[in-house]
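Here's the structure, in structure tokens; my notes come after.
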Amino acid sequence: MARPNEEVEALLQEYADLIAITGGDAFKQRAYERAARAVGGYPQDVSGLDAKALKGIPGVGKSIADKIAEYLETGHVAAIEETRSTVPPGVRELMSIPTLGPKRAMTLYRELKVSSVDELVAAVHEDRLTGLKGFGPKAADNILHGVELMRASGGRILLGEALRIAEETVAGLVAATGCERCAYAGSVRRMKETIGDVDVLVAAPDEDAEAVMTAFTELPTAAEVVVHGLKKTSVRTAKGLQIDLRVLPPDSWGAGLQYFTGAQQHNIRTREIAQRKGLKLSEYGVFDAERDKPLPARTEEEVYAHLDLPWIPPTLREDRGEVAAAQRGELPTLVGEDDLRGDLHTHTDLTDGLASLEEMVEAAARRGYAYYAVTDHAPELKMQRMTSEKMLAQRDRVRALADRYGRRLRLLHGTELNIDPEGEVDWPADFLAGFDLCVASVHSHFGLDRAAQTRRLIRAIENPHVNVIGHPTTRKLGRRAGIDVDLDAVFAACARTGTALEVNGHPERLDLRDEHVLLARRHGVRFAIDSDAHAVSELANVRFGVATAQRGWLTPAEVINTWPLTRLRRFLRP
DNA sequence: GCCGTTTTCGGCCCGACTGTTTTCAGTCG
Numbered sequence: 001m002a003r004p005n006e007e008v009e010a011l012l013q014e015y016a017d018l019i020a021i022t023g024g025d026a027f028k029q030r031a032y033e034r035a036a037r038a039v040g041g042y043p044q045d046v047s048g049l050d051a052k053a054l055k056g057i058p059g060v061g062k063s064i065a066d067k068i069a070e071y072l073e074t075g076h077v078a079a080i081e082e083t084r085s086t087v088p089p090g091v092r093e094l095m096s097i098p099t100l101g102p103k104r105a106m107t108l109y110r111e112l113k114v115s116s117v118d119e120l121v122a123a124v125h126e127d128r129l130t131g132l133k134g135f136g137p138k139a140a141d142n143i144l145h146g147v148e149l150m151r152a153s154g155g156r157i158l159l160g161e162a163l164r165i166a167e168e169t170v171a172g173l174v175a176a177t178g179c180e181r182c183a184y185a186g187s188v189r190r191m192k193e194t195i196g197d198v199d200v201l202v203a204a205p206d207e208d209a210e211a212v213m214t215a216f217t218e219l220p221t222a223a224e225v226v227v228h229g230l231k232k233t234s235v236r237t238a239k240g241l242q243i244d245l246r247v248l249p250p251d252s253w254g255a256g257l258q259y260f261t262g263a264q265q266h267n268i269r270t271r272e273i274a275q276r277k278g279l280k281l282s283e284y285g286v287f288d289a290e291r292d293k294p295l296p297a298r299t300e301e302e303v304y305a306h307l308d309l310p311w312i313p314p315t316l317r318e319d320r321g322e323v324a325a326a327q328r329g330e331l332p333t334l335v336g337e338d339d340l341r342g343d344l345h346t347h348t349d350l351t352d353g354l355a356s357l358e359e360m361v362e363a364a365a366r367r368g369y370a371y372y373a374v375t376d377h378a379p380e381l382k383m384q385r386m387t388s389e390k391m392l393a394q395r396d397r398v399r400a401l402a403d404r405y406g407r408r409l410r411l412l413h414g415t416e417l418n419i420d421p422e423g424e425v426d427w428p429a430d431f432l433a434g435f436d437l438c439v440a441s442v443h444s445h446f447g448l449d450r451a452a453q454t455r456r457l458i459r460a461i462e463n464p465h466v467n468v469i470g471h472p473t474t475r476k477l478g479r480r481a482g483i484d485v486d487l488d489a490v491f492a493a494c495a496r497t498g499t500a501l502e503v504n505g506h507p508e509r510l511d512l513r514d515e516h517v518l519l520a521r522r523h524g525v526r527f528a529i530d531s532d533a534h535a536v537s538e539l540a541n542v543r544f545g546v547a548t549a550q551r552g553w554l555t556p557a558e559v560i561n562t563w564p565l566t567r568l569r570r571f572l573r574p
């Protein structure tokens with residue numbers, strides 16, 4: 001079960017989509033979208049709010065507040081159910097295909113009776129789109145490409161959502177009878193960017209396995225039971241995500257956790273080492289191969305110690321040389337969330353953020369940051385309606401706020417610039433010089449060819465006022481591939497000019513991605529791990545940025561926002 | 001459907017791009 005705010009957000013967004021599909025008032029649709037976003041990013045749990053308090057959420061008026069209250073009380077909203085009944089759910093699913101929006105999704109349903117992605121693909125192959133209004137010669141290719149993009153993730157879900165489900169499952173099992181230890185393992189523990197299924201382990205005595213499994217199948221998350229045994233049980237969530245639970249004897253905990261964390265290739269390496277040492281490694285323990293005698297394996301540290309290896313952090317277990325590095329005693333000391341002294345890419349409601357400057361700054365202070373940068377969008381992203389005057393007025397507010405926080409939290413006034421097709425950014429040099437920090441990102445012209453993208457990025461990197469390149473490839477997981485660019489040339493330029501590359505922590509971005517971080521650090525590039533938060537709750541997304549950085553083997557020294565402010569300032573103003 | 005130092009009606013983020021058209025709708029950020 002999603003958190004109430006997210007459930008309500010999804011519900012309001014669904015209603016907004018339905019309004020669009022059925023040709024309802026576009027402003028009404030936007031009102032629901034705005035409210036959905038506001039609820040999703042609202043710091044308080046909406047299930048604890050009455051109708052009056054709900055109206056305090058920006059963008060939520062009487063009508064929407066009543067619907068939320070109705071939903072929280074009864075689990076459904078009559079008006080939404082009614083609209084829902086007029087459009088098959090698959091029609092809305094069509095909108096998730098890039099280039100297909102509400103209008104053409106409805107055309108497909110009305111004219112061709114297409115109401116699922118599969119039916120659409122079939123219709124394309126049967127050439128039934130030809131002649132359909134709004135669907136020209138390119139439409140078929142674009143649709144098939146879009147579907148392919150969606151399916152490239154193979155039905156996988158984003159790390160952020162999987163981690164939430166994993167943590168909820170663990171929280172729901174720790175109280176089960178006999179549960180001595182409980183943890184999630186698998187790709188969630190390795191913090192891979194997308195997740196196919198969630199693996200959870202419980203250490204419990206054999207006689208309690210039944211009780212643990214029953215507790216598992218009775219979790220609210222479990223919509224359907226796929227397999228029900230004493231060692232392994234699998235359920236599926238309402239959205240179709242499979243969760244596997246394994247119950248192990250407590251003595252096997254370390255071996256089980258190691259085995260089920262993977263990755264498979266990492267396990268093959270460790271088993272090979274075990275073999276060479278006359279040992280056998282399985283999910284049940286480490287054994288003396290000849291006498292089949294179990295050796296202590298209650299913790300992962302013990303398992304690795306039997307192999308003469310130090311404990312290897314899960315984020316490194318991808319068979320990317322971590323076992324060899326461990327054997328040489330050269331594992332990196334990975335950057336951790338506690339190492340971050342600040343966030344260098346965040347937004348407020350001056351542009352598309354949901355929270356005020358004051359709310360964001362206070363939340364940053366609560367996170368224990370030493371410094372915090374406010375980097376709202378620049379004018380060339382036209383929809384943000386930014387002006388130089390607004391930016392300067394915000395700077396005054398930031399400076400005044402900085403006086404209030406003093407040494408407790410240092411505030412930096414920055415901006416997120418737009419890199420245009422030529423590599424130019426929004427303001428002239430003298431205006432840029434007034435910022436403490438400039439992040440520059442690509443927000444348009446994703447389709448330029450490789451040479452043009454590379455030229456444009458390098459030009460921005462060479463701009464002396466640009467300190468950080470935000471979400472460098474601008475990919476969106478499951479939505480959009482990154483821009484086509486010569487990354488080696490980009491990394492070299494960053495190293496040469498002292499421009500940092502962002503590891504953006506938004507679960508949909510994680511950009512640079514782990515493998516690119518690995519490549520970039522070979523060039524001696526510096527990195528910034530940022531949340532790109534548009535709401536108070538999103539400040540916590542740095543967690544995913546840190547995980548991605550770890551998967552790219554980053555150490556604190558390479559990450560500029562682990563540095564003390566004086567050193568960071570020197571980097572920003574060379 | 002929301003909102004209000006232009007306030008209870010009449011606005012609502014606005015422009016670019018793509019692919020479809022033959023002057024523009026749909027989609028996206």
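So the first sequence is numbered by full-length UniProt numbering: it starts at 1 and just counts up by one.
In this text, a Cβ means the ideal position worked out from N, Cα and C, and glycines have one as well.
Model, not experiment: these values are computed from the prediction.
Presumed contact (8 Å Cβ cut-off) between Gly254 and Arg298, rounded CB distance: A Cβ-Cβ distance of about 5 Å is found for the pair Gly254 and Arg298, placing them in contact under the 8 Å criterion.
Ala373 vs Gly414 beta-carbon contact at 7 Å: The Cβ atoms of Ala373 and Gly414 lie closer than 7 Å to each other.
Span separating the alpha-carbon of Gly196 from that of Leu173: Leu173 has its alpha-carbon roughly 21 Å from the corresponding atom of Gly196.
DSSP bridge partner residues for Lys192 (one or two, in chain order): Lys192 is not bridged to any residue.
Close beta carbons around Pro250, own chain, < 6 Å, minus the five adjacent residues each side: Excluding residues within five positions, the ones whose Cβ falls inside 6 Å are Glu180 and Ala203.
Selected residue, minimal CA-CA separation from Gly285, among Ser388, Glu424, Phe260 and Arg276: The shortest C-alpha separation from Gly285 is found at Phe260.
Own chain, CB closer than 6 Å to Ala460, minus 5 neighbours either side, in chain order: Same-chain partners within the cutoff: Ile419, Gly423, Ala440 and Val466.
Unbroken beta strand (DSSP E) run spanning Asp488, endpoints: That residue, Asp488, is in no beta strand (DSSP E); its alpha helix (DSSP H) goes Leu487 to Thr497.
N-terminal and C-terminal residue of the alpha helix (DSSP H) that Thr169 is part of: Taken as a continuous stretch (DSSP letters only), the alpha helix (DSSP H) holding Thr169 covers Leu159 to Leu173.
8 Å contact criterion, which Leu230 and Ala209 should meet: CB distance rounded: Ala209 and Leu230 do touch by the CB rule: their CB atoms are close to 5 Å apart, below 8 Å.
Three-state secondary structure assigned by DSSP to Leu350: The answer is coil: DSSP assigns Leu350 none of H, G, I, E or B.
For Leu411, the nearest candidate out of Thr346, Gly482 and Glu93 (CA to CA): Of Thr346, Gly482 and Glu93, the residue nearest in Cα terms is Thr346.
Beta strand (DSSP E) segment containing Phe287, residue limits: Taken as a continuous stretch (DSSP letters only), the beta strand (DSSP E) holding Phe287 covers Gly285 to Asp288.
Check whether Thr315 and Arg190 have beta carbons under 7 Å apart: It is a contact, given that the beta carbons lie within the stated cut-off.
DSSP state of Arg181 mapped onto helix, strand, coil: Residue state, collapsed to three classes: strand.
Whole-angstrom distance between His445 and Arg569, CA atom to CA atom: Rounded to the nearest angstrom, the two C-alpha atoms are 32 Å apart.
Simplified DSSP state of Val91, which is helix, strand or coil: Of the three classes helix, strand and coil, the one that applies to Val91 here is helix, per DSSP.
Met1 to His125 span [Cα, whole Å]: At Met1 the pLDDT is 45, less than 50, meaning the model places this residue with poor confidence and gives no usable figure here.
Length of the line joining the Cα atoms of Ala370 and Glu119: In a straight line, the C-alpha of Ala370 is about 54 Å away from that of Glu119.
Paired residues, beta bridge with Pro294 - DSSP: Beta-bridge pairing links Pro294 to Phe287.
Member of Asp17, Ala176 and Asp25 whose CA lies at the smallest distance from the CA of Ala36: Of the listed residues, the one whose Cα sits closest to Ala36 is Asp17.
Beta-carbon spacing of Ala500, Val546 below 7 Å: Ala500 is not a Cβ neighbour of Val546, given a cutoff of 7 Å.
Span of the beta strand (DSSP E) around Ser85: Careful: Ser85 lies outside any beta strand (DSSP E) and carries neither H nor E.
Leu392 classed as buried or exposed, judged by whether at least 16 other C-beta atoms fall within 10 angstroms: So Leu392 ends up on the exposed side.
Cβ contact check for the segment 41-57 and the segment 24-32: 3 or more pairs under 8 Å: In the pairwise beta carbon analysis, the segment 41-57 is classified as not touching the segment 24-32: fewer than three pairs are separated by under 8 Å.
Gly447 classed as buried or exposed, judged by whether at least 16 other C-beta atoms fall within 10 angstroms: Burial state of Gly447 is exposed, judged by a 10 Å Cβ sphere holding fewer than 16 other Cβ atoms.
Sequence-distant residues of its chain with Cβ nearer than 8 Å to Glu93 (five each side left out): These residues qualify, in order along the chain: Ser116 and Val117.
Helix, strand or coil at Tyr114 according to DSSP, with G and I counted as helix: The residue asked about is misnamed: residue 114 is Val in this sequence, not Tyr. Coil, per DSSP.
Supposed contact pair Ala493 and Glu462 - C-beta distance, whole angstroms, cut 8 Å: Right, their Cβ atoms sit about 7 Å apart.
Per-residue DSSP class, three states only, for Leu568: Leu568: helix per DSSP, three-state reduction.
Minimum length 3: unbroken beta strand (DSSP E) runs contained in the segment 393-451: The qualifying runs are 410-418 and 437-441.
Gly240 classed as buried or exposed, judged by whether at least 16 other C-beta atoms fall within 10 angstroms: By the 10 Å Cβ count, Gly240 comes out exposed.
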